[in-house]
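Novice: If you want this note's numbering, it's the 1-based position in the sequence shown plus 534.
Where a beta carbon is used, it is the ideal one built from N, C-alpha and C, also for glycine.
Take this structure, written in structure tokens, and hold onto it; I'll ask about it next.
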Amino acid sequence: MITTYKEFIFKRPNNLALNLLKNLLRLSNSATKNQKNFANNLIFIFAKTNFIVTGNTVSTIVNATSALSELQFNDVHGIEESIKGLVNLAEKYHDNFNNKLQKCIELSLNEGVRRNKSLQRVQRLYKAIDAGDLDVFITFVLESINVLNGVLDFTINAEPTVINGYIGMKRELVKMFKTNENSKMVKSWIEFIESKAMNINETFNSFLEEKIKEINIQYNNCIEKINLLEGKCDTNEKEMKDLEEKCKANKKIGEQLLDWAKKSLSIDSCDLEPFDDVQLIRKIEELEKEQTKRTNEVKTMLDEYTSFDKTLTTFKLSSNPLFPVTSQEMSDGVRKVLQLHQSRIKAVNSHLQTRTSYDSEKERYTSKIRSFEMVIERKYFDICDDIMTLPFNKIFLKESIDKLKGLNQVYVSDINKLTHKKEKVGGLKPSWEIAYCSWEESISYAISVVEWLAQLIENVKNNEENILQMKKWYDNERTFVKTVISAYLWDGLYISLDKVTMRQSNDYLNTLTKVSQYLLDHVKEAEKQYEDANRLIEELRKRKKLPIGFKYLQMVQKEHFQEVEPLTKLFVDKWKEEEKVEKIRKDYAALFEEFFNETDKISNTEPSKVPGSVIQKVQSLRDKLLIYDEQKIDKLNRYCDLKRSEQTVWARCSALGIPEKEVIKQEKENNANKSPRSPRNSIYLYSGRSPSLQTPQTGFQRGARRGDENKDIIGYFITNEENVKPDCFYDLSVGQREAFDKDLKIVQDDIVKILNNLNSLNELKNQSQDPQFVLGRYYQFAMDYVSAPQLHMTWIAKLANEHRTKQQFVEAGLCEVHLILFIHHLLPSELVSINVDSLKTTFGKFVRNTSVPPNPQFTAHLTEEMILQHITAACHDFEQGHMPWYGLTVASVVIPYYIKKNKYKELGNIHDFVNRMYDSLINHNGDGVVRDYLQFYYVRLFGKVFGPELNRCSFVYSSTKERMSYLLKEVTDILPPSFTGEKHILRSLDQVNDTVLNAPDNECYILWTQVQPVYDNGDFIQYSSTFNFDELCVNREEGEEILSTSNAPALSLFKKRTVLQTDFVLPSLLKRQSVINQSVVYLTPIEIIIEEIQKRKKNIDYFLSESKKFFGEVAFDIISFLQKSIGDYFFGLNDSPVGKSNIFNTMKIIDVLDIFYKDLNRFDMVLYNKLFDILKESTNCCSEALAVIKENSKIRKSSANLEKIERELPRIDRVLDDIEKRLEEKKEDVIA
């Protein structure tokens, strides 16, 4: 099946390959030895056929891994033992192939004594061997070209600058490439390959045509790159000259700007006190005129300087290499200079303004004081007169007190006004103080300008020195690059030659010998270049910077300089031997041709009439040919034209009646008495199939049959049409053999790797008490195979099933969501009509990014139907996990698809599901309180008993409220049953101390506490990667006598917040996530109350927005919930939704205003303003909500709570208005 349907199995999407390997792997785990061996051999055949069809073994790796992932093996050691024998099978296979090839040639030569077709078969086999050698030689040439291409790419990508001199270096390298012997040899090698390709076995043309085309393309690329490099040098040289001129011009302008800044440091410093108002105005006009002139003067230069940015962008530079001052830095400095002079104009303006405002305000204040004293005095005497006229009775005292209270009220009112006036006057400063402050400001600007100038001047000076040093450094770098590249070209050619494995005699030995001789002739030069490069690198490293060609120095291997001599000797000796043999072959061919020429002359003559001299000559030629045959020389008849006659030498002699030589007769008699041994009797099983499909066998021997030898051995290589089988190419080419062996090793290693993973997983299941750790391994296996879609999906599906067995349906549903997105990403847009964009943004970062392009060789058969299946599974999981909004989100994706496709049955089913989800929502939030669907718990384990994987590790778990008890049991059951020590459960982070961290062997601690999520999105689609644990603490400085937080005043409390962060959100593909970051922040009382007010406002906003969704009368329950949320806002919460209530939860808004705005100096003004803004917004929301309640409660009786709210709202508004005034006054005081 594998060999018959190989094109279908390995080139088309199918499940046949997976099922085949699944069965073979199951058999390889068998306890029966014969079945095990049979399965192993077939696995080898599978991999070998895969290599023949596609040129790699990727399909074998993918399908084997998928098969093992799907098979439920509890013990994989049997498979592992079998798989580890694949490489040994390959060695036996290659030995088997070599032996059979030699035997085939021998049998064909023996047959060739009588049959010319057998000799022609041998010639075809020789050509096939030559084709395999040609493949190796092409690989050698291609690797040599790749070395050149790599160096050329490096040279092209070396970016020149105005100081590095790379253009000259590139020119020298171009010259090196053109004159380098390696470059010249490549061209001759390609011509040699093309000439040889014309004579190779026609069966293998298709294998070599693409490779020959590839080396031509690569070589032409080299030539094009050299020409491109040469042309680019001219272009770059022109560009660099132009850039250098522009850099120098920009530098000149920059120096002018710096000179302008130096000259502009002198500023106006005249004394303004003697000036009258008119003189001050004229002074302002004079300074402004100078400033305008100064601005116009510098603007032209600055515009010209900044226009150089376009040049920098073009050449991808950050700054002028000759003048390292950016436009931004220069603009900032110019602005500082202008601000310095502007400060003097501002000083004169301030002087003029202060002189008038201070004096006038002081005069008005003095006048107010005088008038106030007169009013008080007059009112006092008037009251005294009124009192004296009253009768002395009971009313006298009351009226006297009332009048005096009125006077006191007038006094207090006027005193407040005067105090405000006095503060305002006190805020104004006299002119001498303004002058002092203005000079302080000017001096500050001057210092800033001087510092800027000093820094830039120093940078420019350092840059000039650095340029001189760098020019010397670049000189050494260019020398280093040329030296190391030359050494690398030698070493690259050596490495390519050293990989050649066709060390037997062949046509390419002459060329390879010349290459080895070239390497030997230049080894001293290359070694010296390598040493010079190492010496230069030490010098270059002194600037703590590596030259651009450093990687080539690392690639050159020093030991090659000593290894080249024995390698050359090997090639030279082989070539000398081949040269002798080649002469014999040509001599043999000449004798062969002469023999048939001579016999052709007498072929039509009767034997009795042939002259004796001719017979002797023919016998002499025959005997000489026989002598050559007896030498058993490889490829002896390669140059003989066997098609010129259908007769062999022996047949021609017999036809002419020429007697046989005695030696030949004796050999025939000996051969006749021998029974040829059939390969079927050996340890190997042979058949007439392709050689690539034959593997070492044991246990299935077949009986011997006389005469099977020719049929089996020759049929192994030759078709019925007497052509060499195409699949032989992969074994005749040593290069293809090595490629297959490497790929087979990868197959073996990858299968062994996943077997180890499966074995580890089985051990974990049996030994680990932590189920989430086991699930984490499933997840990790899935992430290891992201580039292999089928494997990734298999492991995610297994993870989802494991979640379901543990009743973890939310996580199982998210596994399905991930598979939906994963498949959708891989499917071409034209094959999918389901829009899943909403899923990409709804669930947060719940899994690692898997949208990487898959390896094109790791194909998977994906369809849109698979997406629908996973959507159905996700909906079911979210329903089981009581996460209605998650289920509704997934359902919303598929409803438009069902409508479009007219799938009404499926549409009805999904609508039933949607109805069930909404019923779940109503039941969950029926009382109007927005509740979380999930709870989150912080878990940390302490104790050596947990092992290094878990000891001191921190996690956040997600769970529904119903499953919380199961989760707690799961965490406490992590302890191994063998542990008999003490177990302590901690419920707060402050309980973690040194005793806990350093728990003895017989004790362990489990920290278990609920944490609050910081949701990233909405109230229903709840996910978070940040979690808070809050502890309310007492500030002992505020209240030393306070014993607990329950009776402490609000201002003496603070909140210690531990912030936990995970890499991925929860819920996710796993029940828990490791804590990657833990930090602590402290919240002041005002920050705590701000958070509390925001929570209260959130409920009002929600129900207010819900009320707006109705047309006309709003539903009664919405009105009730809205009224309750307003009451909670004004009068505090009776019960906290999370944890125990504290003073901040129950605090009334009026108390908030009284406590936190009593003293505006206690906290930062930013916090006061923030609290005020949120209170103002919340109160406005309450006003709007109250209007909605009244509008929709006309036919309902007013409640006491509603009346209480209506009385409280205006009171809060008045207090907020008063606080707003105080905040404004405080702001003015700060500004003043």
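Just checking, does the segment 640-653 make contact with the segment 1019-1029 on the three C-beta pairs under 8 Å criterion?
Specialist: Verdict: no, contact absent.
Novice: Which of the three DSSP states is assigned to Arg648 in this structure?
Specialist: Start at 1 with the first residue of the sequence shown, and residue 648 comes out as number 114. Coil.
Novice: Between Thr845 and Ser861, which are expected to be in contact by the criterion C-beta below 8 Å, what is the C-beta distance as a whole number of angstroms?
Specialist: Looking up residue 845 in the sequence shown gives position 311. Looking up residue 861 in the sequence shown gives position 327. At roughly 11 Å, the Cβ-Cβ gap does not stay under 8 Å, so Thr845 and Ser861 are not in contact.
Novice: Output the residue ranges of the beta strand (DSSP E) runs that lie fully inside the segment 1121-1154 and measure 3 residues or longer, sorted by chain position.
Specialist: As for any beta strand (DSSP E) of minimum length 3 sitting wholly inside the segment 1121-1154, there is none.
Novice: Compute the beta-carbon to beta-carbon distance between Leu481 and Val1018, rounded to the nearest angstrom, for a pair I have assumed lies under 8 Å.
Specialist: Because residue 481 is not part of the residues shown, which for the chain are 535 to 1766, the question remains open.
Novice: Anyone know if the C-beta pair for Ala1584 and Met1681 falls short of 8 Å?
Specialist: Residue numbering aside, residue 1584 sits at position 1050 when the sequence shown is read from its first letter. Residue numbering aside, residue 1681 sits at position 1147 when the sequence shown is read from its first letter. For Ala1584 and Met1681, yes; Cβs fall inside 8 Å.
Novice: Given 8 Å as the limit, is there contact between the segment 651-667 and the segment 726-737, that is, 3 or more CB pairs closer than that?
Specialist: yes
Novice: Are the CB atoms of Phe1476 and Tyr1539 nearer to each other than 8 Å?
Specialist: For the purposes of this step, residue 1476 is identified with residue 942 of the sequence shown, where counting begins at 1. For the purposes of this step, residue 1539 is identified with residue 1005 of the sequence shown, where counting begins at 1. A contact, by the Cβ cut-off of 8 Å.
Novice: Measuring alpha carbon to alpha carbon, tell me which residue in Met908, Cys1487, Tyr1420 is nearest Gln1556.
Specialist: Mapped onto the sequence shown, residue 1556 falls at position 1022. Measuring from the Cα of Gln1556, the nearest candidate turns out to be Tyr1420.
Novice: Would you identify the three-state DSSP class for Pro1619, choosing helix, strand or coil?
Specialist: Along the sequence shown, read from residue 1 onward, the residue named residue 1619 stands at position 1085. It is helical.
Novice: Determine the contact status of Asn1171 and Leu653, defining contact as a CB-CB distance below 8 Å.
Specialist: One-based indexing of the sequence shown puts residue 1171 at position 637. One-based indexing of the sequence shown puts residue 653 at position 119. For Asn1171 and Leu653, yes; Cβs fall inside 8 Å.
Novice: Tell me whether the beta-carbon of Asn590 lies closer than 8 Å to the beta-carbon of Asp1283.
Specialist: The residue you call residue 590 lines up with position 56 of the sequence shown. The residue you call residue 1283 lines up with position 749 of the sequence shown. No, these two residues do not count as a Cβ contact at 8 Å.
Novice: Which of the three DSSP states, helix, strand or coil, is assigned to Tyr1557?
Specialist: Taking the first residue of the sequence shown as position 1, residue 1557 is located at position 1023. Coil at Tyr1557, not helix or strand.
Novice: Where does Asn733 land, buried or exposed, given buried means 16+ other C-beta within 10 angstroms?
Specialist: Here the question's residue 733 lines up with position 199 in the sequence shown. Under this definition Asn733 is an exposed residue.
Novice: Do you know whose CA, among Glu820, Arg705, Ala1407, Lys1103, lies nearest His1352's CA?
Specialist: As a first step, residue 1352 is located in the sequence shown; it is residue number 818 there, counting from the start. Nearest C-alpha to His1352: Ala1407.
Novice: Report the CB separation of Ser1586 from Val1568 in whole angstroms; it is logged as a contact under 8 Å.
Specialist: Counting from 1 along the sequence shown, the entry for residue 1586 is found at position 1052. Counting from 1 along the sequence shown, the entry for residue 1568 is found at position 1034. About 6 Å separates the two Cβ atoms, so the contact holds.
Novice: Should the segment 821-831 be regarded as contacting the segment 871-882, the criterion being three or more beta carbon pairs within less than 8 Å?
Specialist: yes
Novice: Just tell me which of Leu742, Pro1305, Lys1629, Ile577 has its CA closest to the CA of Asp667.
Specialist: In the sequence shown, residue 667 corresponds to position 133, counting from 1. Comparing Cα positions, the closest option is Leu742.
Novice: Rounded to the nearest angstrom, what separates Thr1506 and Pro1619 at their Cα positions?
Specialist: Start at 1 with the first residue of the sequence shown, and residue 1506 comes out as number 972. Start at 1 with the first residue of the sequence shown, and residue 1619 comes out as number 1085. Straight-line Cα distance between these residues: approximately 37 Å.
Novice: If we count Cβ pairs, one from each stretch, closer than 8 Å, do we get three or more for the segment 1739-1751 versus the segment 1701-1714?
Specialist: Touching, yes, given that three or more Cβ pairs across the two stretches are closer than 8 Å.
Novice: Can you tell which of Leu1455, Leu1441, Asp1535 has its C-alpha closest to the C-alpha of Lys1478?
Specialist: Here residue 1478 corresponds to residue number 944 of the sequence shown, with the count starting at 1. Nearest C-alpha to Lys1478 among Leu1455, Leu1441, Asp1535: Asp1535.
Novice: What runs of the alpha helix (DSSP H), each 4 residues or longer, lie entirely inside the segment 1402-1474?
Specialist: 1418-1435, 1438-1458
Novice: For the alpha helix (DSSP H) that contains Phe1356, what are its first and last residues?
Specialist: The residue you call residue 1356 lines up with position 822 of the sequence shown. 1343-1360 is the span of the alpha helix (DSSP H), which, as asked, contains Phe1356.
Novice: Per the contact definition of three or more C-beta pairs closer than 8 Å, is the segment 582-597 in contact with the segment 540-557?
Specialist: yes
Novice: Over the uninterrupted beta strand (DSSP E) stretch that includes Tyr1517, give me the two end residues.
Specialist: On the sequence shown, residue 1517 is found 983 positions in, with the first residue counted as 1. The displayed chain sequence assigns Lys, not Tyr, to residue 1517. Looking at the DSSP string, the run of the beta strand (DSSP E) that includes Lys1517 is 1516-1520.
Novice: Quick one: is Asp1246 buried, meaning 16 or more other Cβ sit within 10 Å of its Cβ, or exposed?
Specialist: As a first step, residue 1246 is located in the sequence shown; it is residue number 712 there, counting from the start. Classification for Asp1246: buried.
Novice: Where His1518 and Glu1537 are concerned, what is the direct C-alpha to C-alpha distance, given to the nearest angstrom?
Specialist: Stepping through the sequence shown from its first residue, residue 1518 is reached at position 984. Stepping through the sequence shown from its first residue, residue 1537 is reached at position 1003. Their Cα atoms are separated by approximately 8 Å.
Novice: Spatial neighbours of Ile1149 within its chain, please: C-beta separation below 7 Å, excluding the five flanking residues on both sides.
Specialist: Locating residue 1149 in the sequence shown gives position 615, counting from the first residue. Taken in chain order, the residues that qualify are Ile1192.
Novice: Can you check which of these residues, Asn622, Thr673, Ile760, Asn630, is closest to Thr689 by C-alpha distance?
Specialist: Mapped onto the sequence shown, residue 689 falls at position 155. Cα-wise, what sits closest to Thr689 is Ile760.
Novice: Identify every residue that forms a DSSP beta bridge with Tyr1539.
Specialist: Against the sequence shown, residue 1539 aligns to sequence position 1005. Answer is Phe1476, His1518.
Novice: Tell me which residue opens and which closes the beta strand (DSSP E) that Phe1598 is part of.
Specialist: The residue given as residue 1598 occupies position 1064 in the sequence shown. Segment 1587-1600, the beta strand (DSSP E) holding Phe1598.
Novice: Go through its chain and collect everything with a Cβ distance to Ile697's Cβ below 7 Å, but skip five positions before and after it.
Specialist: Walking along the sequence shown from the start, residue 697 turns up at place 163. Once the five neighbours on either side are set aside, the close Cβ partners of Ile697 are Pro855, Ile1001, Met1004, Lys1005, Tyr1008.
Novice: For a quick check, are the C-beta atoms of Gln1595 and Ser1559 less than 8 Å apart?
Specialist: Looking up residue 1595 in the sequence shown gives position 1061. Looking up residue 1559 in the sequence shown gives position 1025. The answer is yes: Cβ separation under 8 Å.
Novice: Given a cut-off of 8 Å on the beta-carbon distance, is the pair Val720 and Val675 in contact?
Specialist: Taking the sequence shown and counting its residues from 1, the one referred to as residue 720 is at position 186. Taking the sequence shown and counting its residues from 1, the one referred to as residue 675 is at position 141. A contact, by the Cβ cut-off of 8 Å.
Novice: Where does Cys1567 sit, in a helix, a strand or coil, going by DSSP?
Specialist: Position 1033 of the sequence shown holds residue 1567. Strand.
Novice: Is the beta carbon of Leu605 sitting closer than 8 Å to the one on Arg560?
Specialist: By one-based count along the sequence shown, residue 605 stands at place 71. By one-based count along the sequence shown, residue 560 stands at place 26. The answer is yes: Cβ separation under 8 Å.
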